[in-house]
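Chemist: For reference, the structure I am asking about is given below.
There are 2 protein chains.
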Amino acid sequence: MPTITRLEVQDIRFPTSRSLDGSDAMNAAPDYSATYVTLHTDAGNGLSGHGLTFTIGRGNEICVKAVESLAYLIEGRRLDDITTEMGRFWRELTSGDSQLRWIGPEKGAIHLATAAIVNAVWDLWAKAEGKPVWKLLVDMPPEQLIRCLDFRFVTDALTPEEALGLLRRNAAGRADREREMREQGYPAYTTSAGWLGYDDDKVRRLAREALAEGWTHFKQKVGGNLEEDRRRAQILREEIGWERTLMMDANQMWDVDEAIANMRRLAEFDPLWIEEPTSPDDILGHAEIRRRLGSIGVATGEHCHNRVMFKQLLQAGALDYCQVDAARLGGLNEVIVVLLLAAKHGVPVCPHAGGVGLCEYVQHVSLFDYIAVSGSLEGRILEYVDHLHEHFLHPVTIRNGRYQVPTAPGYSISLHPESLSRHVYPDGAAWQDS
Amino acid sequence: MPTITRLEVQDIRFPTSRSLDGSDAMNAAPDYSATYVTLHTDAGNGLSGHGLTFTIGRGNEICVKAVESLAYLIEGRRLDDITTEMGRFWRELTSGDSQLRWIGPEKGAIHLATAAIVNAVWDLWAKAEGKPVWKLLVDMPPEQLIRCLDFRFVTDALTPEEALGLLRRNAAGRADREREMREQGYPAYTTSAGWLGYDDDKVRRLAREALAEGWTHFKQKVGGNLEEDRRRAQILREEIGWERTLMMDANQMWDVDEAIANMRRLAEFDPLWIEEPTSPDDILGHAEIRRRLGSIGVATGEHCHNRVMFKQLLQAGALDYCQVDAARLGGLNEVIVVLLLAAKHGVPVCPHAGGVGLCEYVQHVSLFDYIAVSGSLEGRILEYVDHLHEHFLHPVTIRNGRYQVPTAPGYSISLHPESLSRHVYPDGAAWQDS
């Protein structure tokens, strides 16, 4: 079995702010960026693992620094040493160095850095097994999968034994669901037409294009000027009609009472959910908004920083849709704990995507969730944004508004060597002509 | 008025792990460290502001990097430009650069870095006014003080108008309370005897020394081996008797049910509170522990990362003692919001201290809290740890178990130039002889 000889980390940035791709009320001009990790091994065949955490530009250098500080915890380790008891490895990485833990704990730059490293291990493991990550997970015996997880601080809501029960519960239909996914793909929605920085004509044009491509679920950004939010909702409803689904995303712009008041003004456009109506830390605030809004669902999670926060969102009845992020939690191990918590509480998981590589990641998460954990597609829909996929060796494939099942070994997160060299910050060519 | 011409940041570390000072169940071998900020100005008299955030060693380099990334938001600003509307400045620093905000938001390395910068501004402002920070605050008209604060995400619990009412409520007795503090000082407790890494003889000796110095409240670390926790509690009770007060601190080691079970085994030693019984993010968990433990108080806050979390701890009835930290929140502005939230909920604030400089900081916080916000000493007691004070230009002074009122202008956080040069990491002399 290979040994991880060296961790390499790169500061990769795409100058997306030039076109206002990805603009929202909180994040006016993001430069989609990645703290990109490569785990080099001593395998003769050039086997290596890739992982990234996603940021929106400045601050990526801080995550890079955090990865460098964590690197000593993985360099020199044998892959099978890690994978035999991956939950223990995860605990060591997040808590084994209490000095590094202090600047989180399990949040902020150090946890984003953890995600990049942990996901690179999964990519490496899956490549060594010759399988895509979702298939590695689906084929893993439940007992082994449980040993990949760390239940610290969530045992009051979910014990390892309960988790094992959840995994065994749906064992019967697995093969059918896997076949269904290979044939039909996983349902998705598009955010591409809804960015705040786009003018009305661009919104209208992108909505029409998306309709023509077969999309049925559309998300718009709100939280700027309320009248403009209403006008753009009107345009979108004119284009997509009322039989298709509209979601809204406020990107944390509002206080609790403000969120309720504003959504009452936007209710006439019949949104399925309001996403991130307030601070991502405000569990009780989300519960209050949900209680008082009634028919509009509450969605959050892309900035929810660890399993302890998700546990409480579920305990407090604060969520209709759980939007876990593949690179803000400490990598796939912690994401799986959240899938299990959500399954126990009967809340659908609709992962956050977009950015750089998040779509590539979460297709694996949702496939595993459907086939092995929840066993249901009800209320489940996966975000899709049509940005930056061309930079990946194995980009996502969408057909008729559905993610097609990835088949290449790994976590689909490896970037083209030319894309890397062009977008290394600040020396890459993409940053020289600005 | 001076202009801030340049921000300088230094990585300062003290090799405290060599003596196990500060050891606890989660943090076995900390090297107490500071991300130390100097705001240089163009004032002819050498006026500068100092602030630090506290870490326990590795990871300090990440906070240093985060300060460097934030520096552009303050360099070149006039001091009075900032102080006239300091709440706006705080919002700009925490949310004005949405790219940097992303890697928090308002948590982890970026928020720790914010604390160092914001506290340096308060130090600078107080020095420019020739007052210690607590006195600057006490003398400030309530309307101006409110303009220093950012109520974003907490208006459902506390509006600016309510906060103004709280400040005006206690205006009458201010002069008396200030005189009382100058004469008697602020009551404190000691953690010096209770560290986990000390052997029984050292615990006994330090407890006796503390008794001789007039201490009446003692804290011990728990969360390692339960039988050893019990043995050390027994030793402490033998030394301090039962009429004095014992507190316990588990430093996040337990899950919720485990905390309850273990504290039932430790209840016979009559602890006033259990501190950090579980994850600092677990608001509902703390509420559950408090409800089920009954007579033992629940204390937490040193790792509580922002005002939104404190708001919820108070809303959920999760706290008997609010242990706000002066350098984990985004500096003094956010600490004051928490003081006001706690006052509204009638929960005493007992700030976390120890580490490097935290005692120096929090004496200002508690003096202001008593004189201008809560108006009460009931259930209030300030942590004291006898470590590293000799490195400060104006260290805290303790007499008969009470903090004596600081009188030097500023936030008491300036380090001796020799201490700085000796402990710069990794090149300082303190790190060369290891």
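Residue numbers (the numbering used here), protein chains in the order written: chain E, 1 to 434; chain D, 1001 to 1434. Using N, Cα and C, we set each Cβ at its ideal position, and we do this for glycine too. In this text the structure is predicted, and so the values were computed from the model without any measurement.
What residues of chain E sit near Cys1063 (chain D), judged by a beta carbon separation below 7 Å?
Modeler: Ile103
Chemist: Quick one: list the residues of chain E neighbouring Thr1155 (chain D), beta-carbon separation under 9 Å, in chain order.
Modeler: Asp255, Val256, Asp257 and Glu258
Chemist: Whole angstroms are fine: how far does the CA of Gly1104 (chain D) sit from the CA of Leu1112 (chain D)?
Modeler: Their backbone Cα atoms lie some 10 Å apart in a straight line.
Chemist: Per the DSSP calculation, Gln10 (chain E) is bridged to which residue(s)?
Modeler: Gln10 (chain E) pairs with E:Tyr36.
Chemist: So if I threshold CB-CB distances at 7 Å, which residues from the region 34 to 62 of chain E count as touching chain D?
Modeler: So the list reads Thr55, Ile56, Gly57, Arg58, Gly59, Glu61 and Ile62, given in the order they occur along the chain.
Chemist: For the structure I just gave you, are there three or more beta carbon pairs, one from the region 1023 to 1034 of chain D and one from the region 1247 to 1255 of chain D, closer than 8 Å?
Modeler: yes
Chemist: Could you check what DSSP says for Pro277 (chain E) in three-state terms: helix, strand or coil?
Modeler: coil
Chemist: Given Thr5 (chain E), which residues of its chain have a CB within under 8 Å of its CB, disregarding the five upstream and five downstream residues?
Modeler: His40, Thr41, Asp42, Glu75 and Gly76
Chemist: Whole angstroms are fine: how far does the CA of Leu1319 (chain D) sit from the CA of Leu158 (chain E)?
Modeler: If you take the alpha carbons of Leu158 (chain E) and Leu1319 (chain D), they lie about 24 Å apart.
Chemist: Can you find a CB in chain D that lies within less than 8 Å of the CB of Gln323 (chain E)?
Modeler: no
Chemist: Could you check how far apart the C-beta atoms of Leu145 (chain E) and Leu167 (chain E) are, in whole angstroms? I think they sit under 8 Å.
Modeler: 6 Å
Chemist: Which first and last residues belong to the alpha helix (DSSP H) in which Gln315 (chain E) is found?
Modeler: Arg307 to Gln315
Chemist: Drop a sphere of 10 angstroms on the beta-carbon of Ala429 (chain E), count the other beta-carbons inside from all chains shown, and report buried for 16 or more, exposed for fewer.
Modeler: With fewer than 16 other Cβ atoms within 10 Å, it is exposed.
Chemist: Select from D:Met1001, D:Glu1378 and D:Met1248 the residue whose C-alpha is nearest the C-alpha of Gly1124 (chain D).
Modeler: Reading the sequence as shown, one finds Leu at residue 1124 (chain D) and not Gly. With distances taken between Cα atoms, Leu1124 (chain D) lies closest to D:Met1001.
Chemist: Under the rule that 16 or more other beta-carbon atoms within 10 Å means buried, what is Ser1482 (chain D), buried or exposed?
Modeler: Any answer about residue 1482 (chain D) is impossible in this case: the structure gives chain D only from 1001 up to 1434.
Chemist: Counting Cβ pairs closer than 8 Å, one from the region 1205 to 1224 of chain D and one from the region 1148 to 1164 of chain D, do we hit at least three?
Modeler: Under the 8 Å Cβ criterion, the region 1205 to 1224 of chain D does not count as touching the region 1148 to 1164 of chain D, having fewer than three qualifying pairs.
Chemist: Does any CB atom of chain D fall closer than 8 Å to the CB of Arg264 (chain E)?
Modeler: no
Chemist: Assuming contact is defined by CB atoms lying nearer than 8 Å, are His1050 (chain D) and Ala1126 (chain D) in contact in what I supplied?
Modeler: With contacts defined as CB atoms closer than 8 Å, His1050 (chain D) and Ala1126 (chain D) fail to qualify as a contacting pair.
Chemist: Taking the alpha-carbon of Ala1193 (chain D) as reference, which of D:Trp1215, D:Ala1259 and D:Leu1007 has the nearest alpha-carbon?
Modeler: D:Trp1215
Chemist: For Lys1107 (chain D), return the contacting residues in chain E, with the cut-off set at a CB-CB distance below 9 Å.
Modeler: Gly104, Lys107, Gly108, Asp281 and His305
Chemist: Mind checking if Met309 (chain E) is an interface residue toward chain D, Cβ cutoff 8 Å exclusive?
Modeler: yes
Chemist: In three-state terms, what does DSSP make of Gly1297 (chain D)?
Modeler: Collapsing the DSSP output to three states places Gly1297 (chain D) in a strand.
Chemist: So with Cβ pairs under 8 Å, would you call Asp352 (chain E) a contact of chain D?
Modeler: According to the sequence shown, residue 352 (chain E) is His rather than Asp. Judged by the 8 Å Cβ criterion, His352 (chain E) is not in contact with chain D.
Chemist: Does the count of Cβ pairs from the region 75 to 95 of chain E and the region 1086 to 1094 of chain D closer than 8 Å reach three?
Modeler: no
Chemist: Return no unless some Cβ of chain E is closer than 8 Å to the Cβ of Ser1098 (chain D).
Modeler: yes
Chemist: Rounded to the nearest angstrom, how far is the Cβ of Tyr1411 (chain D) from that of Trp1122 (chain D), given a contact under 8 Å?
Modeler: Taking 8 Å as the upper bound for CB-CB distance, Tyr1411 (chain D) and Trp1122 (chain D) are in contact here, some 5 Å apart.
Chemist: If the cut is a Cβ gap below 8 Å, which residues of chain E does Ser1069 (chain D) touch?
Modeler: Arg58, Gly59, Glu61 and Ile62, listed in chain order.
Chemist: Less than 8 Å between the C-beta atoms of Tyr445 (chain E) and Thr53 (chain E), yes or no?
Modeler: One cannot answer for residue 445 (chain E) here, as it falls past the ends of chain E, which runs 1 to 434.
Chemist: Using the beta-carbon count (16 or more within 10 Å), is Trp1242 (chain D) buried or exposed?
Modeler: The residue is exposed, with fewer than 16 neighbouring Cβ atoms inside 10 Å.
Chemist: What residue does the beta strand (DSSP E) around Tyr384 (chain E) start on, and which one ends it?
Modeler: Leu382 to Tyr384
Chemist: So what's Ser1048 (chain D) in DSSP terms, helix, strand or just coil?
Modeler: Ser1048 (chain D) falls in the strand class under three-state DSSP.
Chemist: Hey, would you say Val1308 (chain D) sits closer than 8 Å to Trp1273 (chain D), going by beta carbons?
Modeler: no
Chemist: Within 8 Å of any Cβ in chain D, is that where the Cβ of Arg152 (chain E) sits?
Modeler: yes
Chemist: Does Glu268 (chain E) pass the burial test, meaning 16 or more other C-beta atoms within 10 Å, or should it be called exposed?
Modeler: exposed
Chemist: Roughly how many angstroms separate the alpha carbons of Glu1408 (chain D) and Gly1108 (chain D), rounded to a whole number?
Modeler: Note that residue 1408 (chain D) corresponds to Ala in the displayed sequence, not to Glu. In this structure, the straight-line span from the alpha carbon of Ala1408 (chain D) to that of Gly1108 (chain D) is close to 31 Å.
Chemist: Please go through the region 1174 to 1248 of chain D and give each complete alpha helix (DSSP H) segment of 4 or more residues, from N-terminal end onward.
Modeler: Fully enclosed alpha helix (DSSP H) runs of 4 or longer: 1174 to 1184, 1200 to 1212 and 1226 to 1240.
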